[in-house]
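First up is the structure itself, then whatever we jot down about it.
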Amino acid sequence: MLAPQVLQLPRLLEDQFVWLSIGSWCVLLVWLRQYVSRRRLLAWAALAGALHLTPVAAQAIRAGSAITTVMAGDMPFAFWALQAVNVLVLGLVLGIWYVSQRRAARFRQVEAVMAERRRIANDLHDGVGSRLVALLASQDPKSGGPDSLSMALQSCLLELQMTVDDLDDQGDSTVVERLGHLRYRLRPAFERMGVAFEWSVAAESETFPMPAETASQVCRVAQEALSNALRHSRASRVELRVAPHAHGRAMVLEVRDNGRGLGAPPMSGSLGKGLRSMHSRAGAIGAELDISPVAPHGLCVRLVVPCEAEARLEFESKL
Numbered sequence: 241m242l243a244p245q246v247l248q249l250p251r252l253l254e255d256q257f258v259w260l261s262i263g264s265w266c267v268l269l270v271w272l273r274q275y276v277s278r279r280r281l282l283a284w285a286a287l288a289g290a291l292h293l294t295p296v297a298a299q300a301i302r303a304g305s306a307i308t309t310v311m312a313g314d315m316p317f318a319f320w321a322l323q324a325v326n327v328l329v330l331g332l333v334l335g336i337w338y339v340s341q342r343r344a345a346r347f348r349q350v351e352a353v354m355a356e357r358r359r360i361a362n363d364l365h366d367g368v369g370s371r372l373v374a375l376l377a378s379q380d381p382k383s384g385g386p387d388s389l390s391m392a393l394q395s396c397l398l399e400l401q402m403t404v405d406d407l408d409d410q411g412d413s414t415v416v417e418r419l420g421h422l423r424y425r426l427r428p429a430f431e432r433m434g435v436a437f438e439w440s441v442a443a444e445s446e447t448f449p450m451p452a453e454t455a456s457q458v459c460r461v462a463q464e465a466l467s468n469a470l471r472h473s474r475a476s477r478v479e480l481r482v483a484p485h486a487h488g489r490a491m492v493l494e495v496r497d498n499g500r501g502l503g504a505p506p507m508s509g510s511l512g513k514g515l516r517s518m519h520s521r522a523g524a525i526g527a528e529l530d531i532s533p534v535a536p537h538g539l540c541v542r543l544v545v546p547c548e549a550e551a552r553l554e555f556e557s558k559l
């Protein structure tokens with residue numbers, strides 16, 4: 241009677257799986273080459289080598305042994321662990337690919353929004369802006385009183401230019417750079433009115449940490465203070481000063497003029513609205529706004545803006 245034959249598996253079966261795994265990793269590394277840096281690619285290659293070192297070494301030992309047949313249950317644990325790790329790595333790669341696709345989609349959406357904002361800014365600048373400049377150029381420079389048509393056109397043009405700057409802003413401009421744009425926009429109006437405009441910015445203020453929204457609000461407060469000084473103060477000199485405050489934990493912005501201050505009678509209309517707007521903007525960014533007279537005459541608008549960390553701590557303490 242013949243003995244029953246034991247089902248035997250080819251010894252190369254396990255080798256085929258190992259080499260199939262190695263081939264899959266090679267294809268994966270070739271695909272990753274165009275998406276990751278060289279250093280990360282080498283890290284992935286090192287991971288693949290470490291995962292295959294134990295099974296390949298086991299195959300070399302078993303190939304030199306006297307065992308000629310291999311049962312499915314005799315395959316080493318490292319072989320099955322390799323397959324499990326391959327599945328996990330495949331899931332990881334797919335997850336990374338999905339996250340990268342989501343990030344790329346969000347980036348494309350942001351780019352589309354920024355392109356549309358730049359288009360609107362260009363249309364406003366080239367359309368409405370050019371018409372306002374033409375109307376302003378047709379006015380007599382000598383008739384530029386605080387309540388004249390030329391002054392109203394100048395205010396409209398300044399507001400339009402600041403809106404265009406906000407629309408075209410990339411979010412990486414510092415507060416000093418934004419104030420520099422404001423200075424460039426306002427200088428023609430000061431020259432038209434014959435008012436000296438002095439600019440004093442400390443070098444330490446250029447590196448002051450400030451979010452883009454906070455910097456935009458600071459620039460708006462400065463714009464309102466300078467516009468009020470130009471239109472209502474009847475000053476001959478206006479100074480803007482920016483300097484660090486409280487050992488670098490805050491930044492102070494001051495707008496001073498030598499005009500008639502707040503005590504004059506006809507200063508309750510648009511100026512009162514402008515003061516409320518400045519207080520509202522200062523409160524929105526956690527800054528302190530102080531408006532006080534200057535001896536012997538004049539006005540000082542002082543804005544103290546805390547750094548980003550100080551503002552966050554102050555906001556959390558109020559909750």
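Numbering (the working numbering), first residue to last: 241 to 559. Ideal Cβ positions, reconstructed from N, Cα and C, are used throughout, including at glycine. Note that the structure is a prediction, hence the values are computed from the model and not measured.
Checking the DSSP bridge columns, you'll see Leu493 partnered with Val482 and Leu543.
When DSSP states are grouped into helix, strand and coil, Leu529 belongs to the strand group. The C-alpha of Gly335 lies about 10 Å from the C-alpha of Leu328.
Apart from the 5 residues on each side of it in sequence, Arg481 sits with its Cβ closer than 7 Å to the Cβ of Ser440 and Glu494 in its chain, given in chain order. Ranking Asp405, Val404, Val373 and Leu400 by CA distance to the CA of Ser390 puts Val373 first. Cβ neighbours of Gln401 within its own chain (closer than 6 Å, five residues either side excluded): Arg425.
Counting other Cβ atoms within 10 Å of its Cβ, Glu464 reaches 16 or more and is therefore classed as buried.
Of Cys266, Ala283, Trp265 and His485, the smallest CA-CA separation from Glu528 is found for His485. Counting the other CB atoms within 10 Å of its CB gives Arg348 a total below 16, which places it among the exposed residues. Closest in C-alpha terms to Val325, from the list Arg343, Asn362 and Leu287, comes Leu287.
One thing to note: Ser467 has its Cβ within 8 Å of the Cβ of Leu398. Within the DSSP secondary-structure output, Ser440 pairs in a beta bridge with Arg481. Boundaries of the alpha helix (DSSP H) harbouring Asp405: Leu389 to Leu407, taken from the DSSP string.
Annotation: the continuous alpha helix (DSSP H) that includes Gly420 extends over Val415 to Met433. Shown here, Asn468 sits in a helix according to DSSP, grouped into three states. In its chain, beyond the 5 residues on either side, His421 have a beta carbon closer than 6 Å to the beta carbon of Asp405. Here Phe448 is not near Val478, since their CB atoms are 8 Å or more apart. Of the candidates Arg500, Val492, Cys459 and Ala462, Arg500 places its Cα closest to the Cα of His472.
Inter-residue distance for Val545 and Arg516 is about 18 Å (C-alpha atoms, whole angstroms).
Within the same chain, Leu400 come within 6 Å of Gly369 by CB-CB distance, once the 5 residues on both sides are set aside. Spanning the alpha carbons of Arg489 and Ser445 requires a straight line of approximately 11 Å. Rounded to the nearest whole angstrom, the C-alpha separation of Met518 and Asp530 is 10 Å.
Secondary structure of Leu502 (DSSP, three-state): coil.
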